[in-house]
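Residues are numbered in the working numbering as their position in the sequence shown, beginning at 1, plus a constant of 159.
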Amino acid sequence: MEKSKIAVFIDVENLTQWVKDDGTERLMADISAIGQVIVRRAYGVWSKPGISNFQAPLNRLGFELIHSFHPVSGKNSADIQLTVDVMEHALRLADVDWFVLATGDSDFSPLFRRLREMGKEVIGVGPRSPLSESVKSSCSRYIHTDPVSTNTRELEFDDAAEIVESILAASTEPLPLNVLKQGVLNVNSAFSEKDMGFGSFSTFLKAIDTVALKMSPGSNTIWLAELITTDSPRHPNADLKPGSRESYQALLRKKKWVTVPRELLRLVGDTLRDLPPLEKQELIEELIVRIASVRKDVTAADIRKAIVLLYKAQMFELIDDTQHDSRLLKLKSEHDHMKEVDMAFIRRLRSACTENNVAFEPSIIRNLLFTQPAMPDLSTMLRAVESEEVV
Numbered sequence: 160m161e162k163s164k165i166a167v168f169i170d171v172e173n174l175t176q177w178v179k180d181d182g183t184e185r186l187m188a189d190i191s192a193i194g195q196v197i198v199r200r201a202y203g204v205w206s207k208p209g210i211s212n213f214q215a216p217l218n219r220l221g222f223e224l225i226h227s228f229h230p231v232s233g234k235n236s237a238d239i240q241l242t243v244d245v246m247e248h249a250l251r252l253a254d255v256d257w258f259v260l261a262t263g264d265s266d267f268s269p270l271f272r273r274l275r276e277m278g279k280e281v282i283g284v285g286p287r288s289p290l291s292e293s294v295k296s297s298c299s300r301y302i303h304t305d306p307v308s309t310n311t312r313e314l315e316f317d318d319a320a321e322i323v324e325s326i327l328a329a330s331t332e333p334l335p336l337n338v339l340k341q342g343v344l345n346v347n348s349a350f351s352e353k354d355m356g357f358g359s360f361s362t363f364l365k366a367i368d369t370v371a372l373k374m375s376p377g378s379n380t381i382w383l384a385e386l387i388t389t390d391s392p393r394h395p396n397a398d399l400k401p402g403s404r405e406s407y408q409a410l411l412r413k414k415k416w417v418t419v420p421r422e423l424l425r426l427v428g429d430t431l432r433d434l435p436p437l438e439k440q441e442l443i444e445e446l447i448v449r450i451a452s453v454r455k456d457v458t459a460a461d462i463r464k465a466i467v468l469l470y471k472a473q474m475f476e477l478i479d480d481t482q483h484d485s486r487l488l489k490l491k492s493e494h495d496h497m498k499e500v501d502m503a504f505i506r507r508l509r510s511a512c513t514e515n516n517v518a519f520e521p522s523i524i525r526n527l528l529f530t531q532p533a534m535p536d537l538s539t540m541l542r543a544v545e546s547e548e549v550v
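Right under this line is the structure:
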């Protein structure tokens with residue numbers, strides 16, 4: 160079977176730290192399973208001290224070094240040169256199936272979309288940022304260049320697990336793992352089980368409490384994945400299943416509860432306090448602009464998730480704008496938004512535990528809360544939720 164042909168283009172000026180940290184070597188190893196790399200080009204002003212030392216290692220990897228020069232200081236001329244070269248190769252080399260564009264934080268979305276329209280598969284490479292969210296949607300696959308923190312790994316696992324559960328729930332039969340993984344990549348082109356610390360896709364699936372793996376009938380090599388069904392009604396006298404961090408997270412995914420980093424929720428809430436009443440989309444766009452100026456690693460999707468949590472905690476005041484026939488949103492600034500989100504979390508988890516006959520363990524739950532209250536304070540919060548249920 161003939162291997163796919165691949166063309167790789169790297170904007171070194173936009174990815175200096177990644178190249179310095181051997182990102183190029185990891186990229187080449189990663190894409191080697193796809194096919195044969197026949198075009199390797201790296202762009203930059205090679206006389207610059209910051210990137211001149213990269214010439215030798217890139218040359219050893221077989222890259223053609225393209226010198227970019229711009230008469231105006233501060234301009235990245237590699238952007239234009241790279242775009243022209245990519246389109247020239249796409250038109251001239253019809254048998255190249257994959258284009259790998261390591262472009263950093265520059266917006267190459269129009270180029271990516273044009274390549275997809277031409278029937279090419281596109282792998283984008285760059286850091287996590289609001290811009291990367293728009294670029295990801297134009298890619299067959301997206302590879303992040305920035306390191307993955309433990310907190311980010313947990314959040315990405317939760318998001319990926321929710322995608323897996325939704326795909327399996329929509330299927331009428333168990334799915335082969337390769338089909339399931341492609342489905343996950345279709346939803347999130349940046350998905351990578353290795354970034355989350357798993358050696359394989361099957362190992363990642365085994366970590367999801369709601370998913371079971373089994374061998375395909377009549378085969379010793381094909382594994383299938385399916386959801387573990389819990390359709391049996393809860394019996395009031397049945398023994399409670401023990402609670403755990405993983406089981407609680409699985410229950411919350413069923414309840415459509417999203418997860419965001421603690422620092423981001425605090426930042427979004429604090430930023431919202433300074434904003435006037437706005438329509439929902441205007442509010443989101445303003446948040447993206449303000450937060451991107453202080454946190455380059457935060458994506459638009461992260462910000463939307465934080466807003467969803469604040470919605471579920473009923474932290475927005477709705478204001479009718481009769482002049483423009485619209486409804487405006489304003490954060491209720493008199494409330495502690497972190498604590499209110501935790502209260503909403505407790506309500507939702509208590510409900511899920513009751514419905515699924517799972518023990519509600521305060522000592523475990525405390526570590527899942529944004530405020531991580533002392534046990535006496537948590538007891539007060541739990542009593543408040545219980546009193547609401549009685550009413």
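Idealized CB from N, CA, C, for every residue including glycine.
Does DSSP classify residue i as helix, strand or coil?
i    : result
R200 : strand
K413 : helix
I210 : helix
P535 : helix
S330 : coil
P392 : Note on P392: pLDDT 48, under 50, position unreliable in the model; no value is reported.
E172 : helix
D317 : helix
R287 : coil
S359 : coil
E247 : helix
V457 : coil
F529 : coil
T242 : helix
E493 : coil
E352 : coil
P306 : coil
T418 : coil
V467 : helix
A543 : helix
A188 : helix
A215 : helix
L220 : coil
I450 : helix
L252 : coil
Rounding to the nearest angstrom, what Cα-Cα distance links residue i and residue j in this structure?
i    : j    : result
I193 : L541 : 52 Å
S361 : W416 : 25 Å
K489 : L446 : 13 Å
D318 : E493 : 31 Å
I197 : S163 : 10 Å
F350 : Q482 : 44 Å
A511 : L411 : 7 Å
N515 : R287 : 36 Å
R463 : L274 : 29 Å
V259 : F271 : 10 Å
L468 : A253 : 47 Å
K455 : Q531 : 26 Å
P208 : D305 : 22 Å
G182 : K414 : 38 Å
A215 : E223 : 11 Å
M534 : I523 : 11 Å
G285 : S268 : 12 Å
P521 : S348 : 37 Å
Give the range of the beta strand (DSSP E) segment to which residue i is assigned.
i    : result
H303 : 300–303
D480 : 475–480
L487 : 485–490
Check for me: the alpha helix (DSSP H) holding residue i runs from which residue to which?
i    : result
V255 : V255 -> not in any alpha helix (DSSP H); beta strand (DSSP E) instead, spanning 255–261.
V338 : 336–346
T513 : 496–515
D181 : Unbroken run through D181: none, as it is neither H nor E.
F271 : 268–276
Bridge partners of residue i, per DSSP?
i    : result
M374 : W382
I282 : V259, R300
A166 : V198, F258
H226 : G203
L437 : L488
K400 : V517
Am I right that residue i and residue j are in contact with their C-beta atoms under 8 Å? What's the rounded C-beta distance?
i    : j    : result
M374 : F363 : In fact, because the Cβ distance is near 18 Å, the residues do not count as touching under 8 Å.
A328 : L423 : About 28 Å; that fails the 8 Å criterion.
I210 : G221 : Going by Cβ atoms, the distance from I210 to G221 rounds to 18 Å, so no, they are not a contact pair.
G263 : D170 : 6 Å
S299 : E321 : Contact doesn't hold; Cβ gap of about 21 Å is too wide.
L434 : L442 : 7 Å
Y407 : L537 : In fact, because the Cβ distance is near 15 Å, the residues do not count as touching under 8 Å.
Does the beta carbon of residue i come closer than 8 Å to any beta carbon on chain C?
i    : result
V346 : Protein chains in the displayed structure number just one, and chain C is not present.
Any heavy atom of the ligand SAH within a distance shorter than 7 Å of the CB on residue i?
i    : result
N379 : The ligand SAH is absent from the structure shown, which contains no ligand whatsoever.
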